[in-house]
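To start, the structure under review is shown below, and the notes come after it.
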Amino acid sequence: MKYIPAKTIISGYTAKNNWFDINYNMNIYKGCCHGCIYCDSRSECYGIDNFHEVRAKDNALVLIRRELKSKRRTGVIGTGAMSDPYNPLEKEHCLTRGALELINGHGFGVSIATKSNLITRDLDILKEIQKHSPVLVKISITTYDDELCKKIEPNVAVSSKRFEAIKELTKEGIFVGILLMPVLPFLEDNEENIKGIVELAYESGAKFIYPAFGVTLRQNQRDWYYKKLDEEFKGIKEKYINCFGNNYSCYSPRAKVLWKLFKKECEGFGIFYKMEDIIAGYRKPYINSQLSFLK
Ligand code: SF4
Numbered sequence: 001m002k003y004i005p006a007k008t009i010i011s012g013y014t015a016k017n018n019w020f021d022i023n024y025n026m027n028i029y030k031g032c033c034h035g036c037i038y039c040d041s042r043s044e045c046y047g048i049d050n051f052h053e054v055r056a057k058d059n060a061l062v063l064i065r066r067e068l069k070s071k072r073r074t075g076v077i078g079t080g081a082m083s084d085p086y087n088p089l090e091k092e093h094c095l096t097r098g099a100l101e102l103i104n105g106h107g108f109g110v111s112i113a114t115k116s117n118l119i120t121r122d123l124d125i126l127k128e129i130q131k132h133s134p135v136l137v138k139i140s141i142t143t144y145d146d147e148l149c150k151k152i153e154p155n156v157a158v159s160s161k162r163f164e165a166i167k168e169l170t171k172e173g174i175f176v177g178i179l180l181m182p183v184l185p186f187l188e189d190n191e192e193n194i195k196g197i198v199e200l201a202y203e204s205g206a207k208f209i210y211p212a213f214g215v216t217l218r219q220n221q222r223d224w225y226y227k228k229l230d231e232e233f234k235g236i237k238e239k240y241i242n243c244f245g246n247n248y249s250c251y252s253p254r255a256k257v258l259w260k261l262f263k264k265e266c267e268g269f270g271i272f273y274k275m276e277d278i279i280a281g282y283r284k285p286y287i288n289s290q291l292s293f294l295k
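Residues in the sequence shown are numbered from 1 upward in steps of one, following UniProt numbering.
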């Protein structure tokens, strides 16, 4: 694995963040090799060259230890925004695992977004963190169909493996749910897919599903996505061009219908889908201890 120089790894404190109420952000790796055809992080605006090549930040664990020690406030540290913390190299190098051990040792909480079932390896540390601080796991799933999954997210565990990971984590009491985003127009925006995901989420014990019925496209990300559509899904690119032109937000033309169905299904199964309910769900048991910390 290649290493790149870094001065910091954990970003500053945010008192109130609408995105799952995460207080800090942590990126140990740069780039991602999971190959999702719609990946936004490969957009030019983020300036990540050779996006598919995973590199780790130099001395990551030394930096993380120092940064955690110097924070005046504990809080929830988010990871998984610009690269997957459970890429294949993590299996050998254990940097995300090392970071979780430090997070545990310094009394912070954690919020992890991933598409990989490798996260179950770290169940033991997540359980330790959960004894004192909030733990939130978001597994991204965009289709319930493994064959479609292999085409749109080719280098990572297929959806059924991710559902198994959810089951394993929830069985041990971890607060786990699904990021159902993007829902790709003309590929995934159908009733069968939405119903299938909600049903499997319920069977796996997922606490929540947070959806976005569409995809965002910009700059070279759009070019890459269209190239992949041409390779795997003949005729779909033309539908995007006709329907969305150069729009950044490409909402599914079926978003309204699907949203209605999704809400009904989630309510029927008792699965959270509103951000405030998800935040309350994973943070509530710790509210008193957080207040006493801030006194
Ligand atoms: S796992 Fe996330 S960061 Fe990696 S390619 Fe897929 S969308 Fe991009």
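Where a beta carbon is used, it is the ideal one built from N, C-alpha and C, also for glycine.
Bear in mind the structure is a predicted one, so any value in this text is a computation, not a measurement.
- Message: Please report the distance separating the alpha-carbon of I141 from that of G214.
- Response: In the sequence shown, counting from the first residue as 1, residue 141 sits at position 141. In the sequence shown, counting from the first residue as 1, residue 214 sits at position 214. When rounded, the distance between both Cα atoms is 14 Å.
- Nearest neighbour of I209, chosen from I178, I166, K260 [CA to CA]: Counting from 1 along the sequence shown, the entry for residue 209 is found at position 209. Cα-wise, what sits closest to I209 is I178.
- In whole angstroms, what separates the C-alpha of K239 from that of F186? In the sequence shown, the residue the question calls residue 239 occupies position 239. In the sequence shown, the residue the question calls residue 186 occupies position 186. So the alpha carbons of these two residues sit roughly 8 Å apart.
- Message: Going by DSSP, what residue range makes up the beta strand (DSSP E) through G31?
- Response: As a working mapping, residue 31 is identified with position 31 in the sequence shown. Taken as a continuous stretch (DSSP letters only), G31 belongs to no beta strand (DSSP E), as it is neither H nor E.
- Message: Can you tell me which residues form a DSSP beta bridge with S204?
- Response: Position 204 of the sequence shown, counting from 1, holds the residue named residue 204. DSSP, once it has assigned bridges, lists no residue as partnering S204.
- Message: On the DSSP letters alone, give me the boundaries of the alpha helix (DSSP H) that N220 sits inside.
- Response: Your numbering for residue 220 matches position 220 in the sequence shown. Its alpha helix (DSSP H) spans residues 219-232.
- Task: Spell out a yes or no on whether the segment 97-117 and the segment 60-74 are touching, meaning 3 or more CB-CB pairs, one atom from each, closer than 8 Å.
- Result: With a cut-off of 8 Å, the segment 60-74 and the segment 97-117 count as touching, because enough Cβ pairs lie within range.
- Message: Using 8 Å as the threshold, is the C-beta distance between N220 and R42 below it?
- Response: Position 220 of the sequence shown holds residue 220. Position 42 of the sequence shown holds residue 42. For N220 and R42, yes; Cβs fall inside 8 Å.
- Among S70, Y38, E267, M82, which residue has its Cα nearest to the Cα of G47? Counting from one through the sequence shown, the residue named residue 47 turns up at place 47. That would be M82, whose Cα lies nearest to the Cα of G47.
- Query: Under a three-way DSSP split, which group does G47 fall into?
  - Reply: Numbered from its first residue, the sequence shown carries residue 47 at position 47. Coil.
- Cut-off 6 Å between Cβ atoms - residues of its own chain near R218, not counting five sequence neighbours on either side: Here residue 218 corresponds to residue number 218 of the sequence shown, with the count starting at 1. Around R218: S43, Y248.
- residue 309 versus G235 - alpha carbon distance: The structure shown does not extend to residue 309, since the chain spans only 1 to 295, so no value can be given for it.
- Message: Under 8 Å: do the segment 248-264 and the segment 274-290 share three or more Cβ pairs, one atom per stretch?
- Response: no
- Inspect the beta-carbon positions of C36 and I152 and report whether they are closer than 8 Å. By 1-based counting over the sequence shown, the position of residue 36 is 36. By 1-based counting over the sequence shown, the position of residue 152 is 152. For C36 and I152, yes; Cβs fall inside 8 Å.
- Might you give, ordered along the chain, the residues of its own chain that have their beta carbon closer than 6 Å to the beta carbon of K2, omitting 5 neighbours on each side? The residue you call residue 2 lines up with position 2 of the sequence shown. If we look at K2 and ignore the five residues flanking it on each side, its Cβ neighbours are R55.
- Query: Going by Cα to Cα distance, which pick from S70, I197, V135 is closest to I278?
  - Reply: Locating residue 278 in the sequence shown gives position 278, counting from the first residue. It is V135.
- Query: Taking C-alpha atoms, which residue in S11, S204, K16, K228 lies nearest to L169?
  - Reply: Taking the first residue of the sequence shown as position 1, residue 169 is located at position 169. Among S11, S204, K16, K228, the Cα nearest to that of L169 is on S204.
- Does DSSP put N25 in a helix, a strand or coil? Along the sequence shown, one-based indexing puts residue 25 at 25. N25 carries a strand assignment under DSSP once its states are collapsed to helix, strand and coil.
- Query: Got a sec: does ligand 1 put a non-hydrogen atom nearer than 7 Å to the Cβ of H93?
  - Reply: Position 93 of the sequence shown, counting from 1, holds the residue named residue 93. Checking every heavy atom of ligand 1 against the Cβ of H93, none is found closer than 7 Å.
- Item | Bridge-paired residues (DSSP) for K55 | Here residue 55 refers to the residue found at position 55 when the sequence shown is read from its first residue. One detail in the question is off: residue 55 reads as Arg in this sequence, not Lys. Beta-bridge partners assigned by DSSP to R55: K2, K30.
- Counted within 10 angstroms of its Cβ, other Cβ atoms place H34 as buried (16 or more) or exposed: The residue given as residue 34 occupies position 34 in the sequence shown. The residue is buried, with at least 16 neighbouring Cβ atoms inside 10 Å.
- Query: Going by alpha carbons, who is nearest to P182 out of K207, N155, A212?
  - Reply: What you label residue 182 is simply residue 182 of the sequence shown in a count that begins at 1. That would be A212, whose Cα lies nearest to the Cα of P182.
- Query: Are the beta-carbon atoms of N87 and T143 separated by less than 8 Å?
  - Reply: For this step, residue 87 is matched to residue 87 along the sequence shown. For this step, residue 143 is matched to residue 143 along the sequence shown. No; because the gap between Cβ atoms is not below 8 Å, this pair is not in contact.
- Message: In the DSSP output, what is K138 paired with across the bridge?
- Response: Residue numbering aside, residue 138 sits at position 138 when the sequence shown is read from its first letter. Answer by DSSP bridge pairing, in chain order: A113, G177.
- Query: To the nearest angstrom, how far is it from the Cα of Y171 to the Cα of A60?
  - Reply: As a first step, residue 171 must be located in the sequence shown, where it is residue number 171. As a first step, residue 60 must be located in the sequence shown, where it is residue number 60. First, the amino acid is wrong: residue 171 is Lys here, not Tyr. Roughly 31 Å separates the two Cα atoms.
- Message: Taking only three categories from DSSP, how would you classify P253?
- Response: Working through the sequence shown from its first residue, we reach residue 253 at position 253. Correct three-state label for P253: coil.
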